[in-house]
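Chemist: Residue numbers (my numbering), protein chains in the order written: chain F, 2 to 325; chain V, 2 to 325.
Note that CB positions come from ideal geometry on N, CA and C, so glycine has one too.
This is the structure I have questions about; it appears just below.
Protein chains: 2
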Amino acid sequence: MNRLRIYVDFIAPPDILQMLREGTAGHELVFPEKPVSSVLAKAERDPAFATVDIAFGQPDPAAIADAARLRWIHISTSGITRYDAPAFRALVAKRRIVVSNSANVYSEACAVHTLSFMLAQARQLPLGLKTRTAGGTATWHALRRASKTIRGQTALILGYGTIGKRLAELLRPFEMQLRGYRRHPRGDEVVPIVPAGQLAAALSQADHVINILPDSAETRRFFDQSRFASFKRGAIFYNVGRGGTVHQDALLDSLRSGRLAAAWLDVTEPEPLPEDHPLRSEPNCFITPHTAGGDRDETKTLVLHFLNNLHRFVHDEPLLNRVM
Amino acid sequence: MNRLRIYVDFIAPPDILQMLREGTAGHELVFPEKPVSSVLAKAERDPAFATVDIAFGQPDPAAIADAARLRWIHISTSGITRYDAPAFRALVAKRRIVVSNSANVYSEACAVHTLSFMLAQARQLPLGLKTRTAGGTATWHALRRASKTIRGQTALILGYGTIGKRLAELLRPFEMQLRGYRRHPRGDEVVPIVPAGQLAAALSQADHVINILPDSAETRRFFDQSRFASFKRGAIFYNVGRGGTVHQDALLDSLRSGRLAAAWLDVTEPEPLPEDHPLRSEPNCFITPHTAGGDRDETKTLVLHFLNNLHRFVHDEPLLNRVM
């Protein structure tokens, strides 16, 4: 087996780094001179990058052209926006560079985060946790009447993939009517996939619209004024994908008009949303700071996922989460 | 069929009341002179009560002795604390009065409320929804690291019954290790039931301790200092049963010592908890105002449940949710 040079541009605590070193014994790890701050951060250009066989992290797409030896890029996130462009796709195809991502690492946390949003909304937790009302008062009756279950309701999952599949599994006991929407249906989805021509009709029937779309030229501001106009009145909108897929002014209008009963967002544009952004003060808009994929053990899982793929790469087996 | 006199002491909007009138056509509805304020309120003594065959609501247990014609009490709540006393049990047994409750009405909402607590805690929603931190900061990393999934964790459900069974169904996709504890195991539970002698050991292994115990002489302050001392360090405690089953000072100590990582309470003693009660300002204590059983359609479901049982009563069939 050849000794491979592996560029690693994500930060990890010492024990996880040790695990990575042990798992890659026999190969060489190359680190950027200036470490990055998070799995979501974009690394700066680094001359050492031109000498590596494998890149694990968030390498600069523009640097690929100079990296003559590069054969495999393993992206440390689920989102691949920076790489999901025709020119980049053409380059890696021509150079026969394989690209995989870390969808499996974040899907469990993202699916659970989405369900936590759905249930917090159904049980009116934001209001319930801050109220001080006594049983039997008008406020209490209103809160209790606003509390719901989600059994038998309808949900549409856009950007149906690894996360959507897991969410569908978590929702199974609720006996909901689930549908999915994705760019390239594969035919093996566990929920019915809505064709593009029937999307507006599907949106008009959904009590819950769950946006897990990646950010790409095609999905940019996918949820705009006309898209929200298709929604069922009183629907709830969730975004655990990317902020750029939503026209935030249109979202705000839809909340204010009552078209949407509530919006739960883990992603916005920009992040964090400025303190004086009107969505911040909208009573039925709830925002977490891009933590849906977060999991106590995520860095460890991320390294294990990479090592699993390294084993497959070395033995010429198909990679997990291959995206290009 | 005899014309039955049915005492109804709960409030309902006109359309639901109309449904009750139509469903009881041929019988006579008797209402208290002074209407009650909620399904949880205790009705005052009423002379008309002595003349009825059936009571639907929250009748005064002391009034039963004078109600010579009474044959069936259908309690409008899931909790039966006011009736769950040896003297009352002896009286209804002697008088052959059947007692049923409304567990089926509230079980779905209660189970969903409990799961909403579990997931809000796992995903750190209270903190996440109010933070304004940017990705990559120390605060953001801490929040992401504190975020978890619940897959494979251990949960113990105390007061395992209709709600616990539904919660176990909702938790199935999370592949958790579930156990139950109940006063009178029936042998048909879908989770293993812990014998009383092994309760401390089971508590010491549980990541999640879910209290749905009813309030009775046996369960009064069931969770006291010594019970909390059995908990696994960092466990999370949920109470969607009754406030009286918890020694609140012991709960506070357990939160402050770090024995408990968090407590999520839908019930307290008293309700609401005074604004200056120390649990109110404890950072990892989260309280909703007894809304776990609340469901937009609960009054309708409650009436349908009663009408279903009335049909069974008239035709001499076994009642649903019979408790005595």
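1) With 16 as the cutoff for other CB atoms within 10 Å, does HIS114(V) come out buried or exposed?
2) Whole angstroms is fine: what's the gap from HIS278(V)'s alpha carbon to PHE238(V)'s?
3) Report the start-end ranges of each beta strand (DSSP E) in the stretch 149-214 of chain V that is 3 residues or longer and not cut off at the edges.
4) Taking ARG6(V) as part of the beta strand (DSSP E), name the residues at either end of that continuous run.
5) Which first and last residues belong to the beta strand (DSSP E) in which PHE232(F) is found?
6) Could you check whether the Cβ of GLN59(V) sits closer than 9 Å to any Cβ belonging to chain F?
7) Within 10 angstroms of its Cβ, does ARG145(V) collect 16 or more other Cβ (buried), or is it exposed?
8) What does the alpha-carbon distance come out to for the pair ALA49(V) and ASN3(V)?
9) Give the single residue among ASP16(V), PHE11(V) and ARG22(V) whose Cα lies nearest to the Cα of LEU308(V).
10) Counting along the chain, where does the beta strand (DSSP E) carrying TYR84(V) start and finish?
11) Per DSSP, what kind of secondary structure is GLU29(V) in: helix, strand or coil?
12) Assuming HIS248(F) contacts ARG222(F) under a Cβ cut-off of 8 Å, what Cβ separation, rounded to an integer in Å, is found between them?
13) Starting from PHE259(F), find everything on chain V with Cβ-Cβ shorter than 9 Å and list it in chain order.
14) According to DSSP, simplified to helix, strand and coil, what is SER103(V)?
15) According to a CB-to-CB cut-off of less than 8 Å, which residues of the stretch 135-156 of chain F neighbour chain V?
16) Grab the span of the alpha helix (DSSP H) containing LEU128(F) for me, first residue to last.
17) Can you pull the DSSP bridge partners for ARG323(V)?
18) Based on the DSSP secondary-structure assignment, which residues constitute the bridge partners of ASN240(F)?
19) State the DSSP-derived secondary structure class of LEU280(F), mapped to helix, strand or coil.
20) For the stretch 134-149 of chain F and the stretch 282-295 of chain V, state whether three or more C-beta atom pairs, one from each stretch, are separated by less than 8 Å.
21) Starting from the C-beta of SER103(F), find all residues in its chain whose C-beta is less than 7 Å away, skip the five residues before and the five after it, and write them out in chain order.
22) Counting Cβ pairs, one atom from each stretch, are 3 or more of them under 8 Å apart for the stretch 156-169 of chain V and the stretch 198-213 of chain V?
23) On a CA-only basis, which of GLY162(F), HIS142(F) and PRO273(F) is nearest ALA13(V)? Give me that one, please.
24) Let's test the definition: count the other Cβ atoms within 10 Å of the Cβ of PRO1(F) and tell me whether it reaches 16, buried, or not, exposed.
25) Would you call the CB atoms of ILE25(V) and LEU311(V) closer than 9 Å?
26) Using the beta-carbon count (16 or more within 10 Å), is GLY129(F) buried or exposed?
27) Kindly indicate which residue of MET177(V), VAL99(V) and ASN285(V) has the alpha-carbon position closest to the one of GLU318(V).
28) What do you get for VAL195(F), buried or exposed, if any count of 16 or more other CB atoms within 10 angstroms of its CB means buried?
29) If contact is defined by three or more beta carbon pairs under 8 Å, each pair taking one atom from either stretch, is the stretch 82-90 of chain V in contact with the stretch 211-221 of chain V?
30) Let's test the definition: count the other Cβ atoms within 10 Å of the Cβ of LYS95(V) and tell me whether it reaches 16, buried, or not, exposed.
31) Applying a beta-carbon distance threshold of less than 7 Å, which residues of chain F neighbour ARG133(V)?
32) Can you pull the chain V neighbours of PHE287(F), defined as C-beta to C-beta under 7 Å?
Modeler: Looking at the coordinates:
1) HIS114(V) is buried by the Cβ-count criterion.
2) For HIS278(V) and PHE238(V), the distance between alpha carbons rounds to 18 Å.
3) Unbroken beta strand (DSSP E) runs of no fewer than 3 residues, entirely contained in the stretch 149-214 of chain V, are found at 155-159, 178-182 and 209-212, following chain order.
4) It spans 6-9 - the beta strand (DSSP E) in which ARG6(V) sits, taken as one unbroken run.
5) Boundaries cannot be given for PHE232(F), as no beta strand (DSSP E) includes it and DSSP labels it neither H nor E.
6) Taking 9 Å as the CB threshold, GLN59(V) stays off the interface with chain F.
7) ARG145(V) comes out buried.
8) Roughly 19 Å between the two C-alpha positions.
9) Minimum Cα-Cα distance from LEU308(V) among the listed residues ASP16(V), PHE11(V) and ARG22(V) corresponds to ARG22(V).
10) Boundaries for TYR84(V): no beta strand (DSSP E) harbours it, and the DSSP string shows neither H nor E there.
11) Here GLU29(V) sits in strand by DSSP.
12) Contact flag correct, Cβ pair sits at about 4 Å.
13) A small correction: the amino acid at residue 259(F) is Gly; Phe does not occupy that position in the sequence shown. In chain order: nothing, as chain V lies at least about 17 Å away.
14) Coil.
15) Listed in chain order, the positions of the stretch 135-156 of chain F with a beta carbon within less than 8 Å of a beta carbon of chain V are ALA135, GLY136, GLY137, TRP141, HIS142, LEU144, ARG145, ARG146, ALA147, SER148, LYS149, THR150, ILE151 and ARG152.
16) Its alpha helix (DSSP H) spans residues 126-131.
17) Paired residues: SER101(V).
18) The partner list for ASN240(F) (beta bridge, DSSP) reads ASN212(F) and LEU266(F).
19) Correct three-state label for LEU280(F): helix.
20) With the cut-off at 8 Å, the stretch 134-149 of chain F and the stretch 282-295 of chain V touch.
21) ILE76, SER77, THR78, SER79, LEU303, HIS306 and ASN322.
22) Touching, per the Cβ criterion.
23) The shortest C-alpha separation from ALA13(V) is found at HIS142(F).
24) What the structure shows of chain F is the stretch from 2 to 325, and residue 1(F) is not part of that stretch, so it cannot be assessed.
25) One point to set straight first is that residue 25(V) is Thr, not Ile, in the sequence displayed. With respect to the 9 Å criterion, THR25(V) and LEU311(V) are classified as neighbours on the basis of their beta carbons.
26) Burial check for GLY129(F): the Cβ neighbour count within 10 Å reaches 16 or more, so the residue is buried.
27) Taking only the C-alpha atoms, the option nearest GLU318(V) is VAL99(V).
28) Taking every protein chain shown into account, the CB of VAL195(F) has 16 or more other CB atoms within 10 angstroms, so this residue is buried.
29) By the criterion of at least three beta-carbon pairs nearer than 8 Å, the stretch 211-221 of chain V is in contact with the stretch 82-90 of chain V.
30) Exposed, since its Cβ has fewer than 16 Cβ neighbours within 10 Å.
31) Residues of chain F passing the Cβ test: PRO273 and GLU276.
32) Under the 7 Å cutoff, chain V gives LEU130.
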